[in-house]
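Below is one structure, written out as structure tokens; comments come after it.
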Amino acid sequence: RRPRVLVVDDSLANRRLTEIILKKQDKYTIDLASDGVEAVEACRSQEYDLILMDFFMPNMDGVEATREIRRFRPKQRVIGLTGNCLDEDQQKFIQAGASQVLVKPCKRDTLLTAVFRALEDGGGGGGGGKKKG
1 RRPRVLVVDD SLANRRLTEI ILKKQDKYTI DLASDGVEAV EACRSQEYDL
51 ILMDFFMPNM DGVEATREIR RFRPKQRVIG LTGNCLDEDQ QKFIQAGASQ
101 VLVKPCKRDT LLTAVFRALE DGGGGGGGGK KKG
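At position 27 of the sequence shown (counting the first as 1) the number is 27 in our numbering, and the numbers step up by one without a gap.
Here is the structure:
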């Protein structure tokens, strides 16, 4: 079975770019959501091996969505994505349950390495470090 990855970002360009990068690996099934509300709804009806979650989005931001998803899927793996490199914002993501936070724009190889490691280690998030790239 291919790992199922949910890409959550309010920017259509960012969603499509991330989807293309992951699809080129020919290893993952990709679903897309445009905000935290859609992400929570998607996770109620489908289990994901990994979520790539943007921070700043309308309706429900990535931190709140991560926190909500982890309430009913406590072991859900989440990698936070943010254009803001402030440690305090990255820390909010970690506290909500993200295993790590990547600063956008991140290099293709940085993203792929983070996805591979998250899926390989089976870690449920929380308590992980932040990674800039």
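Note that beta-carbon positions come from the ideal geometry of N, C-alpha and C, so glycine has one too.
Just how far apart, CA to CA, sit residue i and residue j?
| i | j | result |
| --- | --- | --- |
| I69 | C85 | 24 Å |
| A13 | L32 | 12 Å |
| A65 | R16 | 20 Å |
| E19 | L111 | 11 Å |
| R1 | D35 | 27 Å |
| Q46 | M53 | 16 Å |
| E38 | V63 | 14 Å |
| I30 | D87 | 29 Å |
| K24 | D61 | 28 Å |
| D26 | A96 | 30 Å |
| R71 | A98 | 13 Å |
| V40 | A118 | 20 Å |
| T113 | D10 | 23 Å |
| N59 | D109 | 31 Å |
| V78 | Y28 | 15 Å |
| K107 | Y48 | 23 Å |
Name the DSSP bridge partner or partners of residue i?
| i | result |
| --- | --- |
| L22 | Note: L22 sits in no beta bridge, so no partner. |
| M53 | V8, G80 |
| A32 | Sequence inspection shows Leu at residue 32; the Ala mentioned does not correspond to that position. In the DSSP output, where bridge partners are listed per residue, L32 has V7. |
If residue i sits next to residue j, beta carbons under 8 Å apart, how far is it from one beta carbon to the other, in whole angstroms?
| i | j | result |
| --- | --- | --- |
| G80 | F116 | That belief does not hold up - the Cβ atoms of G80 and F116 are roughly 17 Å apart, past 8 Å. |
| V103 | F93 | Incorrect: roughly 11 Å between the Cβ atoms, too far for contact. |
| V5 | L22 | 6 Å |
| L50 | P105 | Not confirmed; about 20 Å, so no contact. |
Applying the criterion that 16 or more other CB atoms from any shown protein chain within 10 Å of the CB defines a buried residue, is residue i buried or exposed?
| i | result |
| --- | --- |
| Q76 | buried |
| R67 | buried |
| Q83 | It is Gly, not Gln, that sits at residue 83 in the sequence shown. Per the 10 Å Cβ criterion, exposed. |
| Q141 | Outside the shown range of the chain, which is 1 to 133, sits residue 141, and nothing can be said about it. |
| E120 | exposed |
| G128 | Only weak support is given to the placement of G128: the predicted model assigns it a pLDDT of 38, under 50, and the value that follows is read from those uncertain coordinates. The residue is buried, with at least 16 neighbouring Cβ atoms inside 10 Å. |
Threshold first: 3 residues or longer. Then list the beta strand (DSSP E) segments lying entirely within the region 67-127, N to C. 78-82, 100-103
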